[in-house]
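All the letters of the sequence shown, read from the start, carry residue numbers 1167 to 1440 under the working numbering.
Quick reminder that beta carbons are idealized off the backbone N, C-alpha and C, glycines included.
So the structure is just underneath, and the comments pick up after that.
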Amino acid sequence: SVIELVFTPLPPATPDVTSVITLALTFGRAEVISRTELSIAGLVAEHLTMGVNLNGVGLRSGMRFDPCFSKYWFEVHGRWCPLELGGLFLVENLAPTCQTPSFTVGLVLDVGVIWRPGFFARGLTGIGVRNLLHLVDLDPATDLLAAPGWWFEEMLIHIGFTSPCFLLDSLFLFDPGGLAWLELGGSYRYPDPEAELGARIRLNGSFGLDWAKLSLGVRVPPVAVRLVTTFNLAGFVAQELGVEVFFSWVRIYSQTQFDFTGLIRAIVGVELKI
1167 SVIELVFTPL PPATPDVTSV ITLALTFGRA EVISRTELSI AGLVAEHLTM
1217 GVNLNGVGLR SGMRFDPCFS KYWFEVHGRW CPLELGGLFL VENLAPTCQT
1267 PSFTVGLVLD VGVIWRPGFF ARGLTGIGVR NLLHLVDLDP ATDLLAAPGW
1317 WFEEMLIHIG FTSPCFLLDS LFLFDPGGLA WLELGGSYRY PDPEAELGAR
1367 IRLNGSFGLD WAKLSLGVRV PPVAVRLVTT FNLAGFVAQE LGVEVFFSWV
1417 RIYSQTQFDF TGLIRAIVGV ELKI
């Protein structure tokens, strides 16, 4: 289970404080995950995910309430080394929260090859679905977004090479207008004491620089620290500091993001594994 507190300054208004409670239950090859988002005003959203792994074939489904029912998805993913195939079906309400519903459907096709360690390539195609990056970064703060109509919306290609010490990868996002953006990244990991140094840049469809990030992470049990600095052509954009402390079945963590104007966001969380 995870209890997380998110603080976001919104001057001159009252700062936004959001809490996130995540409960996960695993039994055998099945799992159930509940993620509840709360604010000062009450329930923001509830995410419920269920999944099972059947000899290399994974089945997952999920629903979202915010607070009324707004999204349902079902995913099938299988691996037959080195080939990976998958598909995701999405139903989402495009109407305002708890108003007369306006549902639309979308589909994501997932094809890839992977050798561990070694080369990997993955292609995601969204039909009536946007924000495919969510399926790669797996960040709970991002999510798939449905689009009205049954049309091609995005294609995301992820190519790279991984080894015990190196990771090199690139991301290409295409939309109906062509190349939307591309990312190039690489990192090196030193095993003992564990340290990681990485760099990543994003270029827009005209090959202009959107941003560049430098990251440095160090782990000396029971403490881990990670710094991410973001730049663009104008200079410094933001600094992110992440700290984790591990004690057997307890993990305490914080993430702080700030720029020249001050604090952007602060997250404090506690994770318990029983």
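Out of the options, which has the shortest C-alpha to C-alpha gap to residue i?
i: G1294; options: V1186, P1175 and E1320; result: E1320
i: D1182; options: V1411, V1436, I1430 and W1415; result: I1430
i: G1343; options: W1246, S1372 and S1236; result: S1372
i: L1333; options: L1350, L1393, F1340 and R1288; result: L1350
i: T1202; options: G1383, T1192, H1213 and S1167; result: H1213
i: R1282; options: P1267, G1315, P1248 and H1300; result: P1248
i: A1287; options: I1440, T1174, G1326 and I1169; result: G1326
i: L1290; options: I1199, L1251 and A1312; result: L1251
i: L1220; options: C1234, L1209, E1197 and L1204; result: E1197
i: F1397; options: P1388, S1414, K1379 and G1383; result: K1379
i: F1413; options: P1357, P1387, A1432 and V1394; result: P1387
i: W1316; options: F1269, Y1354, S1329 and L1345; result: F1269
Specify, as a first and last residue, the run of the alpha helix (DSSP H) that residue i falls within.
i: D1303; result: H1300 to D1303
Suppose contacts are defined by Cβ-Cβ distances below 8 angstroms. Is residue i in contact with residue j by that definition?
i: G1292; j: V1277; result: no
i: V1172; j: T1188; result: no
i: E1406; j: R1417; result: no
i: L1256; j: V1271; result: yes
i: T1263; j: D1309; result: no
i: G1364; j: S1381; result: yes
i: R1195; j: A1211; result: no
i: P1359; j: R1385; result: yes
i: L1369; j: L1348; result: yes
i: S1236; j: N1259; result: yes
i: A1404; j: D1425; result: yes
i: V1436; j: I1169; result: yes
i: S1200; j: L1438; result: no
i: H1324; j: D1341; result: no
Report the three-state DSSP secondary structure of residue i (helix, strand or coil).
i: Q1421; result: strand
i: F1219; result: Note that residue 1219 is Asn in the sequence shown here, rather than Phe. DSSP places N1219 in strand when its eight states are reduced to three.
i: S1336; result: strand
i: L1260; result: coil
i: D1232; result: coil
i: T1188; result: strand
i: A1432; result: strand
i: W1415; result: coil
i: G1253; result: strand
i: I1440; result: coil
i: G1294; result: coil
i: A1400; result: coil
Over what stretch of residues does the beta strand (DSSP E) that includes residue i continue unbroken?
i: R1282; result: It is not in any beta strand (DSSP E) - R1282 carries neither H nor E in the DSSP assignment.
i: T1524; result: Nothing can be reported for residue 1524: it is not among the residues displayed for the chain, which extend from 1167 to 1440.
i: W1377; result: L1375 to V1386
i: G1315; result: Unbroken run through G1315: none, as it is neither H nor E.
i: S1353; result: G1344 to Y1356
i: S1205; result: A1196 to S1205
Pull the bridge partners of residue i from the DSSP assignment, please.
i: Q1405; result: T1395 and F1424
i: A1287; result: V1279 and I1325
i: S1227; result: M1216 and F1240
i: I1367; result: L1350 and A1378
i: T1174; result: D1182
i: T1270; result: E1258
i: V1210; result: DSSP, once it has assigned bridges, lists no residue as partnering V1210.
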